[in-house]
Amino acid sequence: MSLPDTIVQGAESLLAITRTMLNGVLQSHGRQHVFEFPDTAYHLPMIYALTGLAVRTVGDMELALDKAAGLVAGIHERRGMEAPTLGDALEAGLASHLAVELLLALRAIRGDEPVRADIPYQGFLSDTMQRTLGVQLVDGTIPGVAVLLGAAPDSATAKQIVRDLQENRIFVLLAGSGISRQLHQEGVEFGLESRVVPLGPDAVHALYAVNWAIRAALIYGGMKAGEMLDHLSYQRERVNAFVIALGALSQEVLAVGAGAIALGYPVISDQDVPTLRAEGICANEALVSVRDYSKMALRAVEVRGLKITVSKPPIPVPFGPAFEGERVRKEDTFVEFGGQRSPAFEWVRTLPTEEIEHNRITVVGTDWKSRYEDGGILPLAIIVDVAGRKMQPDFEGVIERKMHSNINEAHGIWHMGQRDIIWVRISHEARQSGFELEHLGVIQTATILHNYGQIIDKVQVTLYVDEPDVVRLREEARSAYQERDRRLGSLTDESVDDFYSCLLCQSFAPSHVCVISPERLGLCGAFNWLDAKAAHEIDPTGGNQPILKGTLLDERVGRYTGVDEYLRKASGGAVETLNMYTIMDNPMTSCGCFECIVGIVPEANGVLVVHRGYAGMTPVGMKFSTLAASVGGGVQTPGFMGVGVNFITSRKFIAGDGGIRRIVWMPTALKDRIREAFTKRAAEEDVPDLLDKIADETICEDPDSLAEYLAAVHHPALEMDSLLG
Ligand code: SF4
C-alpha cells in the first residue's frame, strides 16, 4: 500500500474512533452539553482556526466531525478508484487533526483528560502559555518547537536527544508515555521554565502542540477564524515547529504526521521511511529518516531550516536557556553565596581600556581554593569590568541585569536577585562535573562578549571571597547603583530626542510596532528604552530603530510628527497615527504578548488593568483570555490596550486620560506586585490611598457592584471628566 493510502486509512480510523466516542457522549451528556478547554478564547482552536466553527456544545462537535469526515470523503469522490496523491494525504492529515482535537475534547467531557499520572502531564496548553512564551519565540531565545512522539530505544538516548535540542534552545513538547517516562527516569526536569513539557501519554496528545501553535495566527497575526489557507501559510512561514517520531509508525500516527506536514512541520523518523518532499509547504524534506540518534537533533534543526548560533562558554556543565528555570535545592547545594547568609553582590563597571586585561578571570581571597573545595557558605563579589569604543555608562545596568540569566543558564548553577541582593548556588552535581569558582567569571566573559561584542571590546572579571573585601567594595557598588538610579529617574520622554521602536513581534504580528520611550517600556515588559538603545548600538539594522520624535502635535495625548511618520512606514501603512498617552483615541497597537490589558469600564468612568495569568472574571464581563483575543493582532483597539506591568506606575500611564486616578479595578496579585511603586506614584498624584480605593476580585467582578464600591470609597474617577468625552 502506498504511503498516501496508509495515511488516508489512518485518518479514517481516527474519524471512526472519534465517531464512536461522540455517539457515546451524545447518549450520556446530550447535544446541549457545553464544553470548553481551559483558558482559551478560541474554543477548539484547530477546528475554529481552520473551519471557523466555534464549538461550544456536543452538538457543535457533531457538526465539526462531519466537516472533518467530509474532507476525507471528498478525496474518495475526487479519486474514485485511483490511488490518493500526496496532496490528498495531507488533506486527510488535516482531517485527522480535527478528529483528534474532538477526541481529546470528548475524553475531557468523560473525565479522561487531562491524564493524571505520576508524570505531570500538562494536557491542553492555554492561551496564557502562548502569550508568556511570545517574546522568547520572537526574539530567538526559543528558535523552534519540537514535538517528540513515541519512545527512544532507551532512556539514555532519549535524554541525549532532548539535551541536544535544549542546547540548541529548542522548546520540547512530549506526546507519549514512552518518551515521557524515559526522561522522567533520567531525572530531566519538566515544565514551562525548563522547556520540556509532557503533554499526555498517547501520540494523539501531540494535537495539544498543534492546537497551541495554530493560535499564534489568531493571537498575534490578527487572522480570522475559518481562513484555512491563510492559517496554513502562517504556520508554514512563521511557526518553526517540527516532529521527531521515535519508534514504529502506526497508520494513525502517520495520519497525524501528515497533518503536521500540511502545516509545514517536517517529520523526522528513526524508522526506515522514504524521504518525502512537499514543494511549497516544507522548505526542505517533509519526511526524513535519521537512524543515528546522536545526529537527530541537529538534523531536525537543519531540516526545519533553522539557523541557530549557539555560544556555549567553556564550562564543564550543559548550558542554555532550558536550564534557566531549574532550582538548586538546599540538599543539592555544594556551595552558596549571598541570600542573606553572606554578603554578596555583582557589579558591571566601565573602565579605561588600558586598565583591562581582556578575558582575565581573577579570584581574590585567602586560601580561596581550599575554602571552595570545602563547600558551604562563602561571601562573593562578582565585578565585571568592561571597555569599548561604543560602550556607554548607561549600558552598565543593561549588561548587569543579564548576569542573572547568564549564570542561570548553566546546568546546576542557580542565581537569584540582582545588585547587592544576589543569591548563588552551585550544586554537588555541577561540582562533580568539574565546575570551579572561576567558571562563574568564565560564564560572564563569554556571554557578555557574545551578546555585546559590538559595543564591548574588552572584559575582565574579578571574584572576591574575603568578607572585608566584599563589604568594602559593596559600598562602592552601592554608590554606583545610586548614581545609575538617579540618572534613570531623570530620563523622561521630554528629555530625549529619540524614542526607539521594537519590531521583534512583527515575525508573528506583521503590523505591530512597540514605540518605546524612557517612560514607556515595551508591552511585553522585556525591553525598556535603554535596552532598546543598547540593542540598536549592537545591531544598527536590527529590530530596534531610533525614532526621531519630531514636533509635538498634542501634548496631552503624546502625538509626535516623527512617531507618526515612522509608524506609517514600519507598520506597512496599517497605523496612520499614534497617541502615546491615551487608550481612547489611536492608542498603541497590541501584538499578543502583553503583560497586562488596560480596558475601559464605562459604568465606572475608569479603566481596569488585568494581568496575564489572572484566570477569573473581570467587571467588563470578560476573562483575560477573551479580552486578549479582542485586543491583539497588531491593531489599534480604542478603549483597550496591552501594556507592560511597569508602565502602570509610569508618570505617562494613560496621562492623557487622567493617569492612575482612572484605575478602578485590578486583581490582588497585580496590586501586590506593584504596591511599592504604585504607592509612591499615588502620593505624587496626591491620592496616597488610591490603591485601597481600587477594587479587586475579592470585592467585585461585575460593573454594578464595582460602581457601588467606588461610590462608597469616593474613588477619584467618579469626579473626573467623562472618559467617553
Ligand atoms: S517590546 Fe514589543 S515588539 Fe518588542 S518583543 Fe516586546 S512586545 Fe514584542
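Be aware that the sequence shown starts at 39, since it is given in this note's numbering, and climbs by one per residue. Beta carbons are placed, not taken as given, at the ideal position from N, Cα and C, and that holds for glycine.
Exercise for the section: Drop a sphere of 10 angstroms on the beta-carbon of V465, count the other beta-carbons inside from all chains shown, and report buried for 16 or more, exposed for fewer. Expected result: For clarity, residue 465 is Ser in the given sequence; the question names Val instead. So S465 ends up on the buried side.
Handout entry: Contact the region 672-692 vs the region 622-630: 3+ CB pairs below 8 angstroms
Key = yes
Exercise for the section: Determine which residues share a DSSP beta bridge with C634 and list them. Expected result: H649 and V681
Problem - Near the ligand SF4: C629 beta-carbon under 7 angstroms from a heavy atom - result: yes
Practice task
Report the partner residues of L186 according to the DSSP bridge assignment.
Solution key: L212 and I282
Exercise for the section: Using 7 angstroms as the cut-off, classify the Cβ of H550 as near or not near the heavy atoms of the ligand SF4, replying yes or no. Expected result: yes
Problem - Within 8 angstroms, strictly: CB atoms of G182 and F280 - result: yes
Exercise for the section: At 4 residues or longer, and completely inside the region 701-763: list those alpha helix (DSSP H) runs for me, N to C. Expected result: 706-722, 728-731 and 741-751
Problem - As assigned by DSSP and simplified to three states, the class of L478 - result: helix
Practice task
Tell me, please, whether the region 724-733 touches the region 751-759 by the rule of three or more beta-carbon pairs shorter than 8 angstroms.
Solution key: yes
Practice task
Tell me R94's beta-bridge partners as DSSP assigns them.
Solution key: In DSSP, R94 forms no bridge with anything.
Problem - Beta-carbon spacing of I299, G131 below 8 angstroms - result: yes
Exercise for the section: List the DSSP bridge partners of I306. Expected result: I282 and V326
Problem - Simplified DSSP assignment, three categories, for E575 - result: helix
Handout entry: P42 beta carbon less than 8 angstroms from that of T166
Key = no
Exercise for the section: Within the same chain, show all residues whose beta-carbon is closer than 6 angstroms to that of G377, passing over the 5 residues directly before and after it, in chain order. Expected result: W461
Handout entry: Contact test: L542 Cβ vs the ligand SF4 heavy atom, cutoff 7 angstroms
Key = yes
Problem - Any 3 or more C-beta pairs closer than 8 angstroms across the region 149-156 and the region 62-73 - result: no
Exercise for the section: Determine the direct distance from the alpha carbon of L141 to that of G295, and round the result to whole angstroms. Expected result: 17 angstroms
Practice task
Put Y410 into one of helix, strand or coil per three-state DSSP.
Solution key: helix
Handout entry: Counterpart residues of T675 in DSSP-defined beta bridges
Key = F678
Problem - Inter-stretch contact at 8 angstroms, needing at least 3 Cβ pairs: the region 494-514 / the region 411-430 - result: yes
Practice task
Hey, could you find the ends of the beta strand (DSSP E) T500 is sitting in?
Solution key: K496 to Y502
Practice task
Please name the residue, chosen from P578, P556, V235 and I451, that lies closest to L211 on a Cα-to-Cα basis.
Solution key: V235
Problem - Of the listed residues A79, G97, Q70 and P76, nearest to R57 (C-alpha basis) - result: G97
Handout entry: Short Cβ contact (8 angstroms threshold) for P657 with L744
Key = yes
Exercise for the section: Please state if the CB of D536 and the CB of L616 are separated by a distance shorter than 8 angstroms. Expected result: no
Handout entry: Of the listed residues G358, F433 and L53, nearest to V138 (C-alpha basis)
Key = L53
Exercise for the section: Taking R201 as the reference, give the member of L336, R274 and Y246 with the closest Cα. Expected result: L336
Practice task
With hydrogens ignored, establish whether the beta-carbon of C562 is closer than 7 angstroms to any heavy atom of the ligand SF4.
Solution key: yes
Handout entry: Member of Y303, A316, M334 and N322 whose CA lies at the smallest distance from the CA of Q309
Key = M334
Exercise for the section: Would you check whether the ligand SF4 has a heavy atom nearer than 7 angstroms to the C-beta of V173? Expected result: yes
Exercise for the section: Taking 8 angstroms as the cut-off, decide whether the C-beta atoms of F372 and R469 are in contact. Expected result: yes
Exercise for the section: Let me know if Q544 comes out buried or exposed under the rule of 16 or more other beta-carbons within 10 Å of its beta-carbon. Expected result: buried
Practice task
Could you spell out where the alpha helix (DSSP H) holding A155 opens and where it closes?
Solution key: Taken as a continuous stretch (DSSP letters only), A155 belongs to no alpha helix (DSSP H), as it is neither H nor E.
Problem - Beta-carbon separation (whole angstroms), A196 vs W385, contact threshold 8 angstroms - result: No, A196 and W385 are not in contact; Cβ-Cβ is about 42 angstroms, not under 8 angstroms.
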